[in-house]
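Have a look at the structure below before the remarks.
In our numbering, the protein residues as written are 109 to 325.
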């Protein structure tokens, strides 16, 4: 059985001091086990956290997005080559990025290509039957209507959707993201095809995040 993957998506939260304070609490209380922890943090925090995270065999960094372009004249973009200096993973196609930047399917394809060229492993988000399922080593089922503060998707519906995703992309590992909490995480990670979860709000407090990890075991 492959290790469970838990991604903490901090979105646009935390200064450098707050990030280091979070890390101090987390690293002191969480002993490495088979669970893979990935911190998806703002670009500004990647160089701050990279030195401390590197001391742990079970924790890795991810960027929350990336440029669809190679290094060139694109002011404001952050390329895969720049991200690779600090992180191993990247999130592509999160519903909030799509909504706020107008990201298209073609842009997501280009980002996946740039991730591969740069040596980054992408987690590609999929919104459901009205969306386009793209190929990636990791896929995340994230129904836009389940993002906090909305109610999460039911485990039964997640099971149905992940089965359909598996049929279309049998080599991909599938995660669920959408208002996952310490109280409901077990109902998702015990589904046959769900190999991890993406955590938003519940990852901002290190103690709540630790509780969630414990409940996922």
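Note that CB positions come from ideal geometry on N, CA and C, so glycine has one too.
Query                                                                                                                                                                : Result
Compare the C-alpha of residue 112 against each of 140, 258, 133 and name the closest.                                                                               : 140
Among 116, 142, 163, 125, which one has its Cα closest to the Cα of residue 136?                                                                                     : 163
Which residue from 252, 271, 192 puts its Cα closest to that of residue 225?                                                                                         : 192
Suppose contacts are defined by Cβ-Cβ distances below 8 angstroms. Is residue 301 in contact with residue 271 by that definition?                                    : yes
Going straight from the alpha carbon of residue 187 to that of residue 265, what length do you get?                                                                  : 36 angstroms
Is it right to say residue 287 is buried, meaning 16 or more other beta carbons lie within 10 angstroms of its own, or is it exposed?                                : buried
Could you round the C-beta distance between residue 196 and residue 231 to whole angstroms and report it? I think they count as a contact, below 8 angstroms.        : At roughly 11 angstroms, the Cβ-Cβ gap does not stay under 8 angstroms, so residue 196 and residue 231 are not in contact.
Apart from the five residues just before and just after residue 279, which ones in its own chain have a Cβ nearer than 8 angstroms to its Cβ?                        : 245
Looking at residue 130 and residue 314, is the spacing between their C-beta atoms short of 8 angstroms?                                                              : yes
Which word fits residue 122, buried or exposed, when buried means at least 16 other C-beta atoms lie within 10 angstroms of its C-beta?                              : buried
Taking its Cβ as the centre, do 16 or more other Cβ atoms sit within 10 Å of residue 180, making it buried, or is it exposed?                                        : exposed
Since residue 235 contacts residue 216 with CB under 8 angstroms, what's their CB separation in whole angstroms?                                                     : Not confirmed; about 11 angstroms, so no contact.
Along the chain, where does the alpha helix (DSSP H) that runs through residue 232 open and close?                                                                   : Taken as a continuous stretch (DSSP letters only), residue 232 belongs to no alpha helix (DSSP H), being part of the beta strand (DSSP E) at 229-234.
Restricting to Cα atoms, I'd like to know which of 294, 156, 312 is closest to residue 323.                                                                          : 294
Can you give the Cα-Cα distance for residue 277 and residue 243, rounded to whole angstroms?                                                                         : 7 angstroms
What does residue 268 pair with, by DSSP beta-bridge criteria?                                                                                                       : For residue 268, which the question treats as bridged, DSSP gives no partner whatsoever.
Can you tell me the Cα-Cα spacing of residue 309 and residue 133, whole angstroms?                                                                                   : 17 angstroms
Select from 298, 157, 142 the residue whose C-alpha is nearest the C-alpha of residue 118.                                                                           : 157
Mark residue 325 as exposed unless 16 or more other C-beta atoms lie within 10 angstroms of its C-beta, in which case mark it buried.                                : exposed
Run through the DSSP bridge pairs and tell me what residue 116 is partnered with.                                                                                    : 147, 307
Just to check my reading of the structure: residue 114 and residue 305 have Cβ atoms closer than 8 angstroms, yes? What is that Cβ distance to the nearest angstrom? : 6 angstroms
Can you grab the Cα-Cα spacing for the pair residue 219 / residue 177, in whole Å?                                                                                   : 7 angstroms
In terms of alpha-carbon separation, which member of 198, 239, 204 lies closest to residue 214?                                                                      : 239
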